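In what follows, a structure is listed as structure tokens, so that the remarks can point back to it.
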Amino acid sequence: MPADTTAVLAAAASDFPLLDYVDRANPDMFACWRALEQKIDVAYQIYTASLPGGFAVIDGDLPRDEVETCVAEALDSNNVIDGDIRREGDLTIVPTRWGSVYAAWRGRFVVIGGRDEVAHALTAEASPAWRAALGDLPDREGVVRRRFVAISTDPTFANLLKVRVAQWKLELDGPPSPWPERDLLAAGEGGLHAFGKREVERKRRQEAGLPPDEARAADRVEPLAGRVELRYASAEEATRAGQALATAAFGGDLEASLAAALARLPQSVVGTTLVIRFDRSNFSAVDGATLSAWVARFAPAAKP
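Here is the structure:
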């Protein structure tokens, strides 16, 4: 946790944006990849002031040799890899068509990102304050108390309620999502041959205007429930922010139905913290796309 950390996002592996994206990239998965996914306890995305793109940290039983072999097989089958995976000291370098991805192992933790981001994660001065904040994140023993937690010092909520926030936390409740069902392919020539046949069939269906296999294309229905905690310098500021929320006195224009829904959210002030609770029923009058776009503002997609 570098001293210039500005935000931390933590989630179960199947709810972590980067891992979820990679898993969904193709309807078929290599069995070795799914086996590695299931060994991950918690995944983190860490954003810093000096390198805003941040880096990911994966916590799990992920042997370096096993990961490199599986990644090479899977990315080669998808025509994503651009050369051989190689090692450079502590770094594993994965060349792709969009640039190289770097990874470094520290015991159970795998740090993933660009070269500068990974180097910063490994060498920067640690932050005791952010280490303390990790107590509010999912634990590392595989028991995730919250599906998703984000903690940040950025001005998002300060801009929304027009009162400066020292730190905010967003939690989404519920058990982790299951990994989507996939047809798992074996490594080696057999797996590549099967993958090739399925790709031909997928393209045939696409060109014929036919839908994909519904069993594999169906999206998960994501529940929405949780809480936001906004920590202020004083109880007076927390109360003032709560009043701004209740009267829809927002900074900037919000879509009318969303603004009305936010104003009706249950809230309380505990010391210097404004606590706001919500579930999907609070937003029944809001268009789903509008709601998703608003939630996405507080849960930026993780980037390698």
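Numbering (our numbering), first residue to last: 3 to 306. Beta carbons are placed, not taken as given, at the ideal position from N, Cα and C, and that holds for glycine. Since this is a predicted model, take the numbers as computed values, not measurements.
The C-beta separation of residue 276 from residue 243 comes to about 5 Å, placing the pair in contact by the 8 Å criterion. Secondary structure note for residue 290: its alpha helix (DSSP H) is the uninterrupted segment 290 to 298. Spanning the alpha carbons of residue 229 and residue 160 requires a straight line of approximately 17 Å. For residue 159, no beta strand (DSSP E) segment is defined; the enclosing uninterrupted segment is the alpha helix (DSSP H) at 158 to 163. Between the beta-carbon of residue 51 and that of residue 6 there is about 4 Å, and that keeps the pair under the 8 Å contact cut. Secondary structure of residue 8 (DSSP, three-state): strand. Residue 281 and residue 16 have their C-alpha atoms spaced approximately 21 Å apart. Cα atoms of residue 296 and residue 163: separation of roughly 14 Å, rounded to the nearest angstrom. In this structure, residue 13 lies away from residue 49, with their beta-carbon atoms at least 7 Å apart.
Residue 252 carries a coil assignment under DSSP once its states are collapsed to helix, strand and coil. Here residue 239 is buried. Its C-beta has 16 or more other C-beta atoms within 10 Å. Bounds of the alpha helix (DSSP H) holding residue 25 are 19 to 26. Assigned with DSSP and collapsed to three states, residue 47 falls in strand. Three or more Cβ pairs closer than 8 Å define a contact, and the stretch 76 to 84 falls short of that threshold against the stretch 103 to 119.
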